[in-house]
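Same order as they appear, the protein sequences are chains L and D. Our numbering applies: residue 1 is where the first sequence begins, and numbers increase by one. Our numbering applies: residue 1 is where the second sequence begins, and numbers increase by one. Don't be surprised by glycine CBs; every beta carbon is placed ideally from N, CA and C. No experiment lies behind these values; they were computed from the predicted model shown. Step one of this worksheet: look at the structure below.
2 protein chains.
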Amino acid sequence: MHNDDRIVICESPDIDEAVDRLNEAFNEKRTIIIVGRCRVDYHGRASSKLEPGERIVIMKEDGAVLVHRSKGYEPVNWQPSGCILQALREEDCLIIKAIKRAPREVVTIFFDRIHFLSTFKLMDEGEFSLYASEEEMRRAILMEPSLIEEGFKPIDYERRVKPGFVDIYGVDKDGRIVVVEIKRRTAGKEAVLQLERYIETLKRSLNKEVRGILAAPVISRDARQTLLSLGLDFRRVDPKKCSEILKRKEEKKILDFFRHFTNA
Amino acid sequence: MHNDDRIVICESPDIDEAVDRLNEAFNEKRTIIIVGRCRVDYHGRASSKLEPGERIVIMKEDGAVLVHRSKGYEPVNWQPSGCILQALREEDCLIIKAIKRAPREVVTIFFDRIHFLSTFKLMDEGEFSLYASEEEMRRAILMEPSLIEEGFKPIDYERRVKPGFVDIYGVDKDGRIVVVEIKRRTAGKEAVLQLERYIETLKRSLNKEVRGILAAPVISRDARQTLLSLGLDFRRVDPKKCSEILKRKEEKKILDFFRHFTNA
DNA sequence: CGTGCCAGGTGCCTT
DNA sequence: AAGGCACTTGGCACG
Chain L
1 MHNDDRIVIC ESPDIDEAVD RLNEAFNEKR TIIIVGRCRV DYHGRASSKL EPGERIVIMK
61 EDGAVLVHRS KGYEPVNWQP SGCILQALRE EDCLIIKAIK RAPREVVTIF FDRIHFLSTF
121 KLMDEGEFSL YASEEEMRRA ILMEPSLIEE GFKPIDYERR VKPGFVDIYG VDKDGRIVVV
181 EIKRRTAGKE AVLQLERYIE TLKRSLNKEV RGILAAPVIS RDARQTLLSL GLDFRRVDPK
241 KCSEILKRKE EKKILDFFRH FTNA
Chain D
1 MHNDDRIVIC ESPDIDEAVD RLNEAFNEKR TIIIVGRCRV DYHGRASSKL EPGERIVIMK
61 EDGAVLVHRS KGYEPVNWQP SGCILQALRE EDCLIIKAIK RAPREVVTIF FDRIHFLSTF
121 KLMDEGEFSL YASEEEMRRA ILMEPSLIEE GFKPIDYERR VKPGFVDIYG VDKDGRIVVV
181 EIKRRTAGKE AVLQLERYIE TLKRSLNKEV RGILAAPVIS RDARQTLLSL GLDFRRVDPK
241 KCSEILKRKE EKKILDFFRH FTNA
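Have a look at this one:
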């Protein structure tokens, strides 16, 4: 066992040692990894039972818990951040409880063998940036409305319409009101129906004709059919292109700044 | 460093040792945990950049990859199962690439400090059972149709209706056709609209009256309004109760089997 | 393969 | 607290 405050590693700890290490880690809000043989119960919105086997359990400083099997992206059991963690011994078993309220949910892990247990303080201030999201598509269209069509003029975005939000709201070259629904991947039927609901609501409240445009990289076959039958338009828009447009605009802004600076 | 074939633990390994351990683990389809300082790039359907910080990286025997920060349920970067893993040294960096095709996606992890690296074979044959899912609700209703209403007779389930699947399809006590849409949680407007679409399609293709019943533990306020205005019905059904009904039926089946056995 | 749909979805934001 | 909605959603089942 090695302990320099930053990282603690215990190979095959006995249960009492494991309980001590865990309580220490809970108090100090350390991150925990356990590898060992366990079974897991879950009760909450649903219930589940996982029979014994060797798994990886991660407990994070914010109370999130993950139980991972040897395969797959998803944890087999989990608890989101904000839950209360407890560790205790019961006979030859290490029991870990993760309790969340509203809705009350409990995950209980029963370890009968611990191959190894490690706790540490993770220092992590690194920024995370995601590109080619729907939000970037929206920003790109607002900066470059011709991505939708020539003469399109956005007026507002994320505009509340009775029971939801319109992605972009504007007028076309002929002054007709346009509602744009953006999807970053293949647009399916729900996207069309979502757009249609906004248009119906707006038509009624404005008592005017309203055009609907679905902007997405692709549209599914029957979504296209529904779209056409409802008299709505599709406009192919690529998320990556939008991301690049934004990047270029950003660069131009910086360039303009330097030009201004050198001229001044 | 300790190695008994089942579990390998390296504290602060140098890069060459890490690369060796990783390649060994990839070949032998071992599960891997690395804790250290890294940055991460992702390119695929979208793109992302994660600046340096200390994280937990898990690589599973099926090629799944998870990068976890010190907080939250979700990995900040990941790769689902089935991707190809590579480890290599580049100057003072351990580089791990996880490549998936269709769609091609690449996650690249650059470690400049490795606090510890562990690889192992997880033995896990334990069965996982989930209770109170939508599927259990459907099975319970099929076994006990009065959960919907007295006299309801299911005919089919998961029946294809033009653009989707009807959860349960049957007739009521007066011989009218009934479509049941099941939701395991609070039913919102989409649930109502989904049900409505099925009914419209069926009405048209059968040229008959069709009743719609939404079965869920709760219905949201405005979903109820929409439901009523469309002349559809709501029936409160509790997923947990359904799960218990199934359990009881299972027990009865086993009991009947033993009774038969002892009588025979 | 795409298309549809559930999930203990989670996370983020707003009334 | 509840509603609306995006997500590299993932996962499965089916045409």
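Contact annotation for D/Lys247 against chain L: no contact, minimum CB-CB distance about 11 Å [criterion: below 9 Å]. Using a Cβ-Cβ cut-off of 9 Å, D/Glu127 counts as an interface residue toward chain L, since at least one Cβ of chain L sits closer than that to its own. If you check each beta-carbon in the stretch 131-159 of chain D against every beta-carbon of chain L, the ones closer than 8 Å belong to Tyr131, Ala132 and Ser133. Against D/Val35, the close residues of chain L are Ile7, Thr31, Ile33, Ser118, Phe120 and Leu122, in the order they occur along the chain (beta-carbon pairs closer than 9 Å).
What L/Val76 touches in chain D, judged by beta-carbon distance under 8 Å, is Phe128, going in chain order. In this chain, the beta strand (DSSP E) harbouring L/Ser48 covers Ser47 to Met59.
Counting only residues of its own chain and dropping the five nearest sequence neighbours on each side, L/Glu61 has a CB closer than 7 Å to the CB of Lys29, Arg30 and Thr31. Proximity of chain D to L/Ile114 at the Cβ level (cut-off 7 Å) is not reached, the minimal Cβ distance being about 11 Å.
About 10 Å separates the beta carbon of L/Arg160 from that of L/Tyr169, a gap too long to meet the 8 Å contact definition. In summary, L/His68 is buried, with 16 or more beta-carbon neighbours lying within 10 Å of its beta-carbon over all protein chains present.
D/Thr186 carries a coil assignment under DSSP once its states are collapsed to helix, strand and coil.
Membership of L/Ile141 in the alpha helix (DSSP H) is indicated by the continuous run Glu134 to Met143. Residue contact with chain D for L/Pro13: absent (no Cβ-Cβ distance below 9 Å to any residue of chain D). In this structure, the beta-carbon distance from L/Ile84 to L/Ala98 falls below 9 Å. Of the residues assessed, D/Glu51 falls on the exposed side of the cut-off, its CB having fewer than 16 other CB atoms within 10 angstroms. A Cβ of chain L is located within less than 9 Å of the beta carbon of D/Arg69. One Cα belongs to D/Val178, the other to D/Asp172, and the distance between them is close to 6 Å.
Short of 6 Å from the beta carbon of L/Glu196, and not among the five residues preceding or following it, lie these beta carbons of its own chain, in chain order: Leu230. Considered as a whole, the stretch 164-225 of chain D harbours 164-171, 177-182 and 210-216 as its complete beta strand (DSSP E) runs of no fewer than 3 residues, in chain order. Non-local C-beta neighbours of L/Arg39 in its own chain, meaning closer than 7 Å and more than five positions away in sequence, comprise Leu50, Glu51, Pro52 and Phe110, ordered along the chain. Note that the C-beta distance between D/Glu181 and D/Gln194 is below 9 Å.
Residues are counted here when their Cβ sits less than 9 Å from a Cβ of chain D; for the stretch 44-58 of chain L these are Arg45, Ala46, Ser47, Ser48, Lys49, Leu50, Glu51, Pro52, Gly53, Glu54, Arg55, Ile56 and Ile58, given in chain order. Distance between L/Glu150 and L/Leu130, taken at the CA atoms: about 29 Å. Around the C-beta of L/Arg101, fewer than 16 other C-beta atoms lie within 10 Å, and the residue is accordingly described as exposed. No Cβ of chain L is located within less than 9 Å of the beta carbon of D/Gly231.
Taking a beta-carbon distance threshold of 9 Å, D/Glu190 counts as an interface residue toward chain L.
Separation of D/Ala25 and D/Phe120 (C-alpha to C-alpha, rounded to the nearest whole angstrom) is 8 Å. Per the C-alpha coordinates, the member of D/Arg55, D/Leu117 and D/Ser47 positioned closest to D/Glu17 is D/Leu117. Close CB contacts of D/Lys240 within its chain, under the 6 Å cut and outside five residues either way in sequence, are with Ala132 (chain order).
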